[in-house]
Structures are given as structure tokens and as C-alpha cells.
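Going left to right, the sequence shown walks through residues 544 to 868 as our numbering numbers them. Idealized CB from N, CA, C, for every residue including glycine. All of these numbers come straight from a predicted model, not from anything done at the bench. Below is one structure, written out as C-alpha cells, with a few remarks after it.
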Amino acid sequence: MLRRPSAASILSLIGVLLVYVILGGVDLGKLMGAASWVNYAARIGIVALFVGLLMISGEIDISIGAMIPAGAMTTAIISGYYGMPMIFGVLGALAIGVIVGLFNGYIVTRTTVPSLIVTLGTLVAMQGIVLAGSKLLTGGASVPLEAPGWAKTIFGDLMFGGSHQVVILWWIGLAVVVWFVMHETKYGNWIFAIGGDKVSARNAGIPVDKITIALFVGTATAASFVGMCNAILFNSAQVSGGMNDIFNIIVSVVVGGVLLTGGFGSIPGVFIGTITFAIVNKGIDFTSIDRNWSNLIIGIMLLIAVGMNETFRKKAMTAAKKKKG
């Protein structure tokens, strides 16, 4: 079990729950039934799934922080401010994700500039585009939106008595699809190979550039999709909504057992890592621990997870060598 990429996320989750029970006196039944952390986990978890794929391939995308408000504002401007049918707002949000993803992927694969720098530039540029575009088109930084019933039902409704958001179902469904692609198809093997050694992967005939571009499209589109869902759920969009989720998403992926250097990780690990982060971030309200300590807990958890990830990777590599021998 300790050789699996998800080991770090499982141990982190157990550790957090123990801290909350022993030091915080939390009622686990009440915590597990709470909607706050589940809703939050779903919103960042959708993006974390695709960021996890990208990080396993050895790249990173921090422009997601700007793509969440970009998706929300696109939907609100098209269908809220200009009153066009909701389907155009949905397609517009997804389209802007595809365009930005293609741009990031193309620059990364055609130059030697690290993906961190490329997506940092895209992050800043998209922040400016969203703010300036909103001011130019609507005259403000916030746009109201009244979505029709079908859009509410699919993207922004509340379930179970008005507590749990429908985006939870999207998160679970996408997790199953991404898990299947990553762990049951050749494309998953290709992503692992790219993260391990791009040159060897290219020499083996793997379409490294196409896979890399597709992964960047996935992260940007997932982020814009989440922004669109937020706009439909809350009936409005703001130019800064979701900007702070960059750090939270990447922490969730790392806690989920994915190495920043690539080549190691799993989708179940990312899923559990997202749950762990959400419980730390939102679940602390159910304990007697001062909320101001939550960032300290997150920082310690991240450092421990990074150390565990490297340790478990070495165990996996040693076991693989022994098996071959």
C-alpha cells in the first residue's frame, strides 16, 4: 500500500481527522454530513483532477486562477448582460477555456520556456483581459445572471434539501472518467511516460506535444467550467471570483500524491487529497480549534505530503526493480 501514489493522501486524511478528533473535539458524524466542505471540494476538485494529469506529465498550470473568473464572466456577460440564450453562455465559457489551453500548450511545446513562466504570464494577461473586458462591455466588475431552469438543474442547482450543490455529481462523474483514461488506457501510460522522461517518450513514438497541449486544454477548460457553474449557481459573476483557488488546487494535488517533478501520481490520490484539503480548510469550523490555525495545518500537511510522496516513489521504484530482476 505504501508504494501506491495515493498512500500520502490517505495518511494525510487520517492524520487530519485524528488531529480534529483529539485536539479539536470534532463530531465526525456531524463533520462528514456537512455540505460546506463537500461543496468546496467539488469546486476545486474538478480542476484538481486535470491539474493532476498535467503535473504527472511534468508540467504545471497556474493560469487556472484567472480561468475560473473568466468562465464565470463570459457566461454572465453573454447570457446575463446581453441576454443571449444560456447555451451560448455555456459554450462561450468552454470556448475561452479551450482557446487559452491551446495557447498555453502551444507556447510550452514550441519553446523552451517552463510552463510555470508561460502560465504565470497567461494568468496576469487573463486577469487584465477579464477586468478590462468587463469594464468595457458592461461598465462594471460584477454582472448579474438569471439562468433558466434547465441550466440551474444541470450546472447550478442544490440537492438534498438545498444544501449540496449539483457540481458534486460533476466532480464524481469526471473523477471516474479521468481515472479510467489515466489508469485503464494507453493515454494514461503515455502521460506517465512523458512525466518520467520526455525525450525517451518521444523516441518511443508517443505524441508528446499533442498530449501536452491536450492536457493544458483540459486544465483551462475545467477551470472555466467551474467558473460557469459558479455564475449559474450564485446568479452573478465577479472578475476576482475563484482567483485564490490556484494555491488550494495545487496543494490538493500535491497532498494527493503527485510529484511536482512529474511521473508519479494517481487520480484516486488527487480525489482524496482534495477531500483532505477541503476538510482542513472548511472542517475546522466544526472543531474547537481557532480558524487562524488552519493555514499552519495546511502548511505542515503540505510539507509532510511532499516528503511522503518522494519516499513512496522510491519504494515503488525499488519494488519495480526487484520485480524486473
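Assuming the contact rule is C-beta atoms closer than 8 Å, valine 590 and alanine 765 should be a hit. Round their C-beta distance to whole Å, please. Residue numbering aside, residue 590 sits at position 47 when the sequence shown is read from its first letter. Residue numbering aside, residue 765 sits at position 222 when the sequence shown is read from its first letter. Sure, about 5 Å apart at Cβ, within 8 Å.
Could you check whether the segment 782-789 touches the segment 625-632, counting it as contact only if at least three pairs of C-beta atoms, one from each stretch, sit closer than 8 Å? Not touching, per the Cβ criterion.
Given that a residue counts as buried once 16 or more other Cβ atoms are within 10 Å of its Cβ, and exposed if not, what is proline 750? Locating residue 750 in the sequence shown gives position 207, counting from the first residue. Exposed, since its Cβ has fewer than 16 Cβ neighbours within 10 Å.
In chain order, what residues of the same chain have a beta carbon less than 6 Å from the beta carbon of valine 648, not counting five sequence neighbours either side? As a first step, residue 648 is located in the sequence shown; it is residue number 105 there, counting from the start. For clarity, residue 648 is glycine in the given sequence; the question names valine instead. Closer than 6 Å at Cβ, skipping near neighbours: Thr755, Ile756 and Phe759.
Find the nearest neighbour of alanine 609 within the set Val651, Ile792 and Leu846, judged by alpha-carbon distance. On the sequence shown, position 66 is the one that residue 609 refers to. Per the Cα distances, Ile792.
Helix, strand or coil for proline 612? Go by DSSP, reduced to three states. Your numbering for residue 612 matches position 69 in the sequence shown. In this structure, DSSP gives proline 612 a helical state, which the three-state scheme calls helix.
With a CB to CB cut of under 6 Å and the five nearest residues on each side skipped, what residues in its chain are close to isoleucine 621? Residue numbering aside, residue 621 sits at position 78 when the sequence shown is read from its first letter. Same-chain partners within the cutoff: Met627, Phe631, Gly632 and Gly635.
Can you tell me which of Val569, Cys772 and Ala550 puts its alpha carbon nearest to the alpha carbon of alanine 619? In the sequence shown, the residue the question calls residue 619 occupies position 76. Ranking Val569, Cys772 and Ala550 by Cα distance to alanine 619 puts Cys772 first.
So, is threonine 728 buried or exposed, given that buried needs 16 or more other C-beta atoms within 10 angstroms? Within the sequence shown, numbered from 1, the residue matching residue 728 stands at position 185. Label assigned to threonine 728: exposed.
Under a three-way DSSP split, which group does proline 811 fall into? In the sequence shown, the residue the question calls residue 811 occupies position 268. Correct three-state label for proline 811: helix.
Leucine 701 (DSSP reduced to helix, strand or coil): Position 158 of the sequence shown holds residue 701. It is a strand residue.
Classify serine 779 as helix, strand or coil using the three-state DSSP reduction. Stepping through the sequence shown from its first residue, residue 779 is reached at position 236. Three-state DSSP puts serine 779 in a strand.
Which two residues bound the contiguous beta strand (DSSP E) that contains valine 686? To locate residue 686, count along the sequence shown from 1; it is residue 143. Note, valine 686: beta strand (DSSP E), 685-687.
Cβ-Cβ distance between glycine 640 and serine 767 below 8 Å: Here residue 640 refers to the residue found at position 97 of the sequence shown. Here residue 767 refers to the residue found at position 224 of the sequence shown. Yes, the Cβ-Cβ distance between glycine 640 and serine 767 is below 8 Å.
In terms of residue numbering, what span does the alpha helix (DSSP H) encompassing tyrosine 583 cover? The count along the sequence shown starts at 1 and reaches residue 583 at position 40. Start and end: 578-599.
Among Arg653, Val769 and Leu688, whose alpha-carbon lies nearest the alpha-carbon of leucine 717? As a position in the sequence shown, residue 717 is number 174, starting the count at 1. Ranking Arg653, Val769 and Leu688 by Cα distance to leucine 717 puts Val769 first.
Could you check the C-alpha separation between glycine 806 and isoleucine 565 for me, to the nearest Å? As a working mapping, residue 806 is identified with position 263 in the sequence shown. As a working mapping, residue 565 is identified with position 22 in the sequence shown. CA-to-CA, the gap between glycine 806 and isoleucine 565 works out to about 36 Å.
Short check: CB of isoleucine 775 to CB of alanine 690, under 8 Å? On the sequence shown, residue 775 is found 232 positions in, with the first residue counted as 1. On the sequence shown, residue 690 is found 147 positions in, with the first residue counted as 1. In this structure, alanine 690 lies closer than 8 Å to isoleucine 775 by Cβ.
Which partner residues of histidine 707 appear in the DSSP bridge assignment? By 1-based counting over the sequence shown, the position of residue 707 is 164. Beta-bridge pairing links histidine 707 to Met702.
How would you label serine 743, buried or exposed, when you count the other beta carbons within 10 angstroms and need 16 or more for buried? Walking along the sequence shown from the start, residue 743 turns up at place 200. Counting C-beta atoms within 10 angstroms of its own C-beta, serine 743 has fewer than 16 neighbours from the protein chains shown and is therefore classed as exposed.
Using a 10 Å radius around the Cβ and a threshold of 16 neighbouring Cβ atoms, would you call serine 706 buried or exposed? Here residue 706 refers to the residue found at position 163 of the sequence shown. That one is exposed.
With distances taken between CB atoms, is the gap from alanine 694 to methionine 629 smaller than 8 Å? Within the sequence shown, residue 694 is the residue found at index 151, counting from 1. Within the sequence shown, residue 629 is the residue found at index 86, counting from 1. Yes, these two residues count as a Cβ contact at 8 Å.
Length-filtered (4 minimum) alpha helix (DSSP H) runs lying within the segment 711-779: Listed in chain order, the complete alpha helix (DSSP H) runs (minimum 4 residues) inside the segment 711-779 are 729-739, 741-746 and 751-777.
Have a look at Gly601, Ser783, Phe698 and Gly800 and flag the residue whose alpha-carbon is nearest the alpha-carbon of glycine 683. Position 140 of the sequence shown, counting from 1, holds the residue named residue 683. Of Gly601, Ser783, Phe698 and Gly800, the residue nearest in Cα terms is Ser783.
Under the rule that 16 or more other beta-carbon atoms within 10 Å means buried, what is threonine 654, buried or exposed? Taking the first residue of the sequence shown as position 1, residue 654 is located at position 111. Under this definition threonine 654 is an exposed residue.
Inter-residue spacing [alpha-carbon to alpha-carbon] between alanine 577 and glycine 601: The sequence position of residue 577 within the sequence shown is 34, counting from 1. The sequence position of residue 601 within the sequence shown is 58, counting from 1. So the two alpha carbons sit approximately 35 Å from each other.
So what does DSSP say about glycine 567, is it helix, strand or coil? Against the sequence shown, residue 567 aligns to sequence position 24. In the structure shown, glycine 567 sits in coil (DSSP, three-state: anything other than H, G, I, E or B).
Secondary structure at leucine 679, three-state DSSP: helix, strand or coil? Counting from one through the sequence shown, the residue named residue 679 turns up at place 136. Residue state, collapsed to three classes: helix.
Whole angstroms is fine: what's the gap from leucine 688's alpha carbon to leucine 561's? Residue 688 sits at position 145 when you count from the first residue of the sequence shown. Residue 561 sits at position 18 when you count from the first residue of the sequence shown. The straight-line gap from Cα to Cα measures roughly 42 Å.
Mark arginine 834 as exposed unless 16 or more other C-beta atoms lie within 10 angstroms of its C-beta, in which case mark it buried. Here residue 834 is taken as the residue at index 291 of the sequence shown, counted from 1. Exposed: under 16 other Cβ atoms inside 10 Å.
Anticipated Cβ contact below 8 Å, glycine 567 with serine 831, distance rounded: For this step, residue 567 is matched to residue 24 along the sequence shown. For this step, residue 831 is matched to residue 288 along the sequence shown. Your pair glycine 567 and serine 831 checks out as a contact, with CB atoms roughly 5 Å apart and the cut at 8 Å.
In angstroms with no decimal places, state the Cα-to-Cα distance between asparagine 732 and histidine 726. In the sequence shown, counting from the first residue as 1, residue 732 sits at position 189. In the sequence shown, counting from the first residue as 1, residue 726 sits at position 183. Inter-residue distance for asparagine 732 and histidine 726 is about 7 Å (C-alpha atoms, whole angstroms).
What's the C-alpha gap between serine 579 and glycine 816? As a working mapping, residue 579 is identified with position 36 in the sequence shown. As a working mapping, residue 816 is identified with position 273 in the sequence shown. Whole-angstrom Cα-Cα distance: 17 Å.
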